[in-house]
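To keep things clear, I will list the structure first and then write my remarks on it.
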Amino acid sequence: MPATFGFLGTLAYAIGVFASVTVYYPPGQEPLGSATTSVSAATYTGAAAYNPTVLDPPPPPNPPIVTEFGLELRNEGTPGVSIPQSGSFFGFSIEMSVVDQVLGKNSTVLMVPFLNLMSNLVRRGGSVRIRVGGNTQETAVLVPELPNGRILQKDVNGVSNPTQTPPLDYTADLIYMLGNISSLVEVDWFLGIPFRDTSEFQLAIAEVGQQVLGSRLIGLQAGNEPDLYARHGHRDESYGPYDYLGEFDNLINAMSGDVHLSNRQLLIGPNVATGDWTPEMVWETGFVDQFSSNLAYLAVEHYPIDNCFAQFGVGTYHDPQEVFQSFLTHDSGISIVAPYLGSTEYAQSRGKGLLMFETNTASCGGFPGISDSFGAALWALDYSMQMAHANFSGALFHVGGQNVFYNPFTPPPTNQSTFRQWTIGPVYYSALVMAEALGPSNGAQVLDLEANNGNVYTPAYAIYEHGRPVKVLLINFIDDPSGANDITISISVGGGSTGEPNASPSQVRVKYLLASSVSQKGNFTWAGQSFGANFGSDGRLQGDEDIQTVPCDQANNICSVSVPAPGAALVFLTDGALEEVENNPVKTYATTVMTRTMNTATYDPAVLQTSNGHIGFDAKDHLGSTSRGSIGATSDRAVNGIVKMVGGAVLAHFVLILLL
1 MPATFGFLGT LAYAIGVFAS VTVYYPPGQE PLGSATTSVS AATYTGAAAY NPTVLDPPPP
61 PNPPIVTEFG LELRNEGTPG VSIPQSGSFF GFSIEMSVVD QVLGKNSTVL MVPFLNLMSN
121 LVRRGGSVRI RVGGNTQETA VLVPELPNGR ILQKDVNGVS NPTQTPPLDY TADLIYMLGN
181 ISSLVEVDWF LGIPFRDTSE FQLAIAEVGQ QVLGSRLIGL QAGNEPDLYA RHGHRDESYG
241 PYDYLGEFDN LINAMSGDVH LSNRQLLIGP NVATGDWTPE MVWETGFVDQ FSSNLAYLAV
301 EHYPIDNCFA QFGVGTYHDP QEVFQSFLTH DSGISIVAPY LGSTEYAQSR GKGLLMFETN
361 TASCGGFPGI SDSFGAALWA LDYSMQMAHA NFSGALFHVG GQNVFYNPFT PPPTNQSTFR
421 QWTIGPVYYS ALVMAEALGP SNGAQVLDLE ANNGNVYTPA YAIYEHGRPV KVLLINFIDD
481 PSGANDITIS ISVGGGSTGE PNASPSQVRV KYLLASSVSQ KGNFTWAGQS FGANFGSDGR
541 LQGDEDIQTV PCDQANNICS VSVPAPGAAL VFLTDGALEE VENNPVKTYA TTVMTRTMNT
601 ATYDPAVLQT SNGHIGFDAK DHLGSTSRGS IGATSDRAVN GIVKMVGGAV LAHFVLILLL
């Protein structure tokens, strides 16, 4: 039987946390996917999520930019600010087919790193919004049970779409798992009603979702990228916006006849990818006016480019090295958002929020060396702020499996989950900064300051609360270790050309998002803290937080803040703005269940710490298999190696011997 919603005794799963590790490998074996391994990208055959490709950073612009400039902020009546935004603006879209890898094994075995990652964001922004869906939602069928207690099962022989999407069966325990997550951290959910076959709608996910999640279910997507249905062979070639309107109407009729659906006002549409249709083509059908009472949100989905040729052999090939530069400019976010400015205005006129329901660096999994680089962190941060400024009401960055480059966070492969931890991608760092920039008040308003005379490499945003500036976000896209392109920004509040009284504070507090290069992979820092490199995180920030204090020149109404090339800085103009995101403690979660019961011998940590760890590497030491029942599995030398491998749950330092 599935666990009940609100089950506070939910058990959580995670691998051990270790402060430092010394790893020895048997002769002739090399680590796969290790962040410290030098592997030729051309010969790498491992999972995309750990691809070692490092691109060359673009050179600094020539002619050089102006590196010192000012920003004048008004205290009242600032024109052009956005609608009020939530600290949960930056959320995640998790492909339904990978929830048992990312969220938990079932309703009672949850992934601790995921809980910790969400808790980080809740502390800063108040809550997190997550969509479970994607292409795999379209054929998902609720079944009473699955073999071996699974919560979902893929039909790998029935794949479709350019991304080879498998049909899914899932059990109600998947929904109970979402509910139990929300009982621990403030997560709200979007689900999707299957739209592949509209002759008989599968409404079970809406029924169970409402019953189990209650108010934590905040939307039901009706159709995923319907403008691509015809292209992907899921509808006739003539399928158009009016056909989608008709199917949406049929869905509402089906829901109206379902006594198990108490809330019919949660639908989200039209979710177009702006591929073969534009949103305006749907608005012109009267879609919003006709279904206004049933629509919780309007939504679109968009990726700025695709990498489908490299991944699936369709479309046009794009060289990542040539594409890299296009992500390292303010123009990228502006150009992505520009086609939707009319739609955000239209949504407001109809009293609806417009969501970017699925996005990331590139469709079909992103690019090696771009999607997993520090450049992507700066890009996603600028792009998200641009969406907030342009009056989107939220953006969900997509999470796939091991075969994509752009994941905000990636659990280790199943067969390595007992000795590896999670990999935290650059886009998650963007989410952290975004949550702090907007905060938990739900009243933040964002303004693109068009800084430095609109220079595309040095964008800046002001964040207002109740008409007053409380934070400034500064970004430097340039890669230049020499320091010649570090920028210094003189921030003034009131005074100057605004004609207001000087109101600059005596000091400001600053947090930095940093890496040595836009090409760097892993080990980024936010306010001095990091999630480490590949396989290095349990979801908690490591290291001491570094919040810098910058004194201001009140006589001249200037607070001067520098940003290295590359990097970003979040400037807190008031103590209250900082306290809002700092005073709440971060809830963390520990391991409460062990899922592996073999090869788990223990050993005295004191003895293990002084071991040199090299026994068993010579032929005379008779290396044997560690698999249960295999020849040599019980040899003294092999067992001795395994004892050294697993001794102690938490150690300051230990030696890990991999007998693979």
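So the sequence shown is numbered by the UniProt record's numbering: it starts at 1 and just counts up by one. Just so it is clear, CB atoms sit at the ideal spot from N, CA and C, and this is done for glycine as well.
Rounded to whole angstroms, the gap between the alpha carbons of P564 and S492 is 20 Å. Note that the C-beta distance between L570 and A437 is below 8 Å. C-alpha of Q529 to C-alpha of L541: approximately 6 Å in a straight line.
Your pair G439 and E580 checks out as a contact, with CB atoms roughly 5 Å apart and the cut at 8 Å.
Of the residues P413, Q507, I130, the one whose Cα lies closest to the Cα of T549 is Q507.
The Cβ atoms of V337 and V300 lie no closer than 8 Å to each other. With respect to the 8 Å criterion, F287 and L245 are classified as neighbours on the basis of their beta carbons. Ranking L449, F572, T458 by CA distance to the CA of P505 puts F572 first. Closest in alpha carbon position to Y340, among G365, P304, F327, is P304.
DSSP places C308 inside the alpha helix (DSSP H), whose first and last residues are 308 to 312.
In summary, T525 is buried, with 16 or more beta-carbon neighbours lying within 10 Å of its beta-carbon over all protein chains present. Distances from the alpha-carbon of S371 to those of V404, R350, Q386, L354 put V404 closest. Distances from the alpha-carbon of D575 to those of G567, I547, S562 put I547 closest. Look at N476 here: in three-state DSSP terms it is strand. Beta-carbon to beta-carbon, G219 and F190 are separated by about 4 Å, close enough to satisfy the 8 Å threshold. For I218, the enclosing beta strand (DSSP E) starts and ends at 217 to 222. Contact between the segment 309 to 323 and the segment 260 to 276 is absent: fewer than 3 CB-CB pairs across the two stretches fall below 8 Å. A direct Cα-to-Cα measurement between P58 and T458 gives close to 15 Å. Non-local beta-carbon contacts of A431 in its own chain, meaning distances under 7 Å to residues more than five positions away in sequence, involve F90, L121, P408 in chain order. By the Cβ criterion, the segment 472 to 481 is not in contact with the segment 110 to 118, since fewer than three pairs of Cβ atoms, one from each stretch, lie closer than 8 Å.
Distances from the CA of S238 to each of L267, L213, D276, Q265 were compared; the closest alpha carbon is that of D276.
Annotation: the continuous alpha helix (DSSP H) that includes H389 extends over 374 to 389. In the three-state DSSP reduction, I130 falls in the strand class (E or B). Using a Cβ-Cβ distance cut-off of 8 Å, the segment 406 to 423 and the segment 477 to 489 are not in contact, since fewer than three pairs of beta carbons, one from each stretch, lie closer than that value. Remark: C-beta atoms of S119 and V586 approach each other more closely than 8 Å. The alpha-carbon of Y461 is positioned some 10 Å away from that of L73.
In this chain, the alpha helix (DSSP H) harbouring W283 covers 279 to 283. In terms of Cα proximity to F357, the closest of S93, P52, T344, V102 is S93.
One alpha carbon belongs to S349, the other to T418, and they sit about 52 Å apart. For M281, the closest C-alpha among the options G257, E322, G333, Y346 is that of Y346.
In this structure, the alpha-carbon of Y297 lies about 13 Å from that of L396.
Fewer than three pairs of CB atoms, one per stretch, sit closer than 8 Å, so the segment 66 to 83 makes no contact with the segment 121 to 141. For N391, same chain residues with a beta-carbon under 6 Å away, outside a window of 5 residues either side, are S82, I83, T344 in chain order.
With respect to the C-alpha of G333, the residue from W422, Y317, V456, T423 having the closest C-alpha is V456.
The shortest C-alpha to C-alpha distance from F291 to any of H330, F327, G351, C308 is the one to G351. Closest by C-alpha distance to G134, out of P226, G467, Q325, G179, is P226.
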